[in-house]
Amino acid sequence: MQGYLWLFLVAIVIGYLCGCFQSGYFVGKLCGLDIRQYGSGNAGTTNVLRTLGKGRALLTFLGDGLKGLVPVLIVKLWIGPASPGLNSELLQLILGLAIVLGHDYPFFLGFKGGKGIATTAAVMMAFDWRMGLCSFIIFVGIVAATRYVSLASVTLSAALIIEMLIFHWGRWDLLIMIIIYALFAIYRHRANIKRLMNGTESKLGQKVDVKK
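Quick note, the sequence shown lines up with residues 112 to 323 if you use our numbering.
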């Protein structure tokens, strides 16, 4: 395992740089605005949806998802099998967390990015499709029932811990990583949680006025 320490360090650096690719920011720039100056102020899919509509939100979602899915799949399907003794599962989750950190705190945008839920879900899909599928079902179900994207995001993140215990029982190293994912996502949604408790959180479908 120690012989692969360099690989973990490289994964952290590459993962962070991949995460820094802000789909929402670039989609907004193509439309002549900085998406972070509108709505909730972050560069995620939900804010793009409220500000620029469904088509551009879909582009943002795909971009944020692919940057989490592809690198983790490369480790899972190529680097892991070619590296005897490597803890491939742990490397996948560390790489994925670095991608999420890059998404949330991109250096070239003053460390002001999105909240990382689409990227996290994509990482989970690559890591274990069962966890990815559970994340999708939980998110869609809660949004359909309440229209609160933030509530669905927080619930999805917390549920990852239960899913890890079910599908990877005994892998305490992986469980620690998933707890970090969940706590970080909840921390990033702390303002949303406060608004949910106060009854002032915006629901899906509410639009933001854009003045060019």
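Glycine included, C-beta positions come from ideal geometry on N, C-alpha and C.
I'd like to know whether the C-beta atoms of VAL234 and GLY207 end up nearer to each other than 7 Å. Sequence index remark: in the sequence shown, residue 234 carries index 123 (1-based). Sequence index remark: in the sequence shown, residue 207 carries index 96 (1-based). In contact: VAL234 and GLY207 (Cβ atoms closer than 7 Å).
Could you check which residue in ASN309, ALA269, LEU202 and GLY224 has the C-alpha nearest to that of LEU294? Numbered from 1 along the sequence shown, position 183 holds the residue referred to as residue 294. Nearest option by C-alpha distance: ALA269.
What's the gap between the Cα of GLY213 and the Cα of PHE247? Along the sequence shown, one-based indexing puts residue 213 at 102. Along the sequence shown, one-based indexing puts residue 247 at 136. If I take the Cα positions, the gap works out to 22 Å.
So is LYS226 in contact with chain C if we call contact Cβ pairs under 7 Å? Of the chains in the structure shown, none is chain C; there is only one protein chain.
Which residues in the same chain as LYS323 place their Cβ atom closer than 8 Å to its Cβ, once the five residues preceding and following it in sequence are excluded? Locating residue 323 in the sequence shown gives position 212, where the first residue counts as 1. The predicted model places LYS323 with a pLDDT of 46, which falls under 50 and marks its position as unreliable, so this point remains unresolved.
The alpha helix (DSSP H) that contains ALA237, what's its start and end? For the purposes of this step, residue 237 is taken as residue 126 along the sequence shown, with counting starting at 1. Counting along the chain, ALA237 sits inside the alpha helix (DSSP H) bounded by residues 228-238.
Between which two residues does the alpha helix (DSSP H) carrying VAL186 extend? By 1-based counting over the sequence shown, the position of residue 186 is 75. Careful: VAL186 lies outside any alpha helix (DSSP H) and carries neither H nor E.
Among GLU274, ASP175 and GLY224, which has the Cα closest to the Cα of THR231? Residue 231 sits at position 120 when you count from the first residue of the sequence shown. When the alpha-carbon of THR231 is set against those of GLU274, ASP175 and GLY224, the nearest one is in ASP175.
Would GLN133 and GLY224 qualify as a contact pair, given that the criterion is a beta-carbon distance under 7 Å? Translated into positions along the sequence shown, residue 133 becomes position 22. Translated into positions along the sequence shown, residue 224 becomes position 113. The answer is yes: Cβ separation under 7 Å.
Under 6 Å Cβ to Cβ from HIS279, same chain only, skipping five residues before and after it: list those, please. Taking the first residue of the sequence shown as 1, we reach residue 279 at position 168. LEU285.
Terminal residues of the alpha helix (DSSP H) in which LYS223 lies: Sequence index remark: in the sequence shown, residue 223 carries index 112 (1-based). DSSP places LYS223 outside any alpha helix (DSSP H), giving it a letter other than H or E.
Out of VAL124, THR157 and ILE289, which has the shortest C-alpha to C-alpha gap to ILE272? For the purposes of this step, residue 272 is taken as residue 161 along the sequence shown, with counting starting at 1. Out of VAL124, THR157 and ILE289, ILE289 has the C-alpha closest to the C-alpha of ILE272.
Our contact map puts GLY227 next to ARG161 with C-beta atoms below 8 Å; I'd like the distance itself, whole angstroms only. Within the sequence shown, the letter at position 116 stands for residue 227. Within the sequence shown, the letter at position 50 stands for residue 161. So it is not a contact: roughly 18 Å between Cβ atoms.
Below 6 Å, is the gap between the Cβ of PHE119 and the nearest heavy atom of the ligand SAM? Among the components modelled here there is no ligand, and therefore nothing to report on the ligand SAM.
Please state whether the Cβ-Cβ distance between VAL183 and PHE238 is less than 7 Å. Position 72 of the sequence shown, counting from 1, holds the residue named residue 183. Position 127 of the sequence shown, counting from 1, holds the residue named residue 238. For VAL183 and PHE238, yes; Cβs fall inside 7 Å.
Enclosing alpha helix (DSSP H) for LYS305 [first to last residue]: For this step, residue 305 is matched to residue 194 along the sequence shown. Taken as a continuous stretch (DSSP letters only), the alpha helix (DSSP H) holding LYS305 covers 301-309.
Neighbourhood of VAL138 by C-beta, 8 Å cutoff - its chain only, sequence neighbours within 5 removed: One-based indexing of the sequence shown puts residue 138 at position 27. Closer than 8 Å at Cβ, skipping near neighbours: ILE146, VAL159, LEU163, ARG167, LEU170, THR171 and GLY174.
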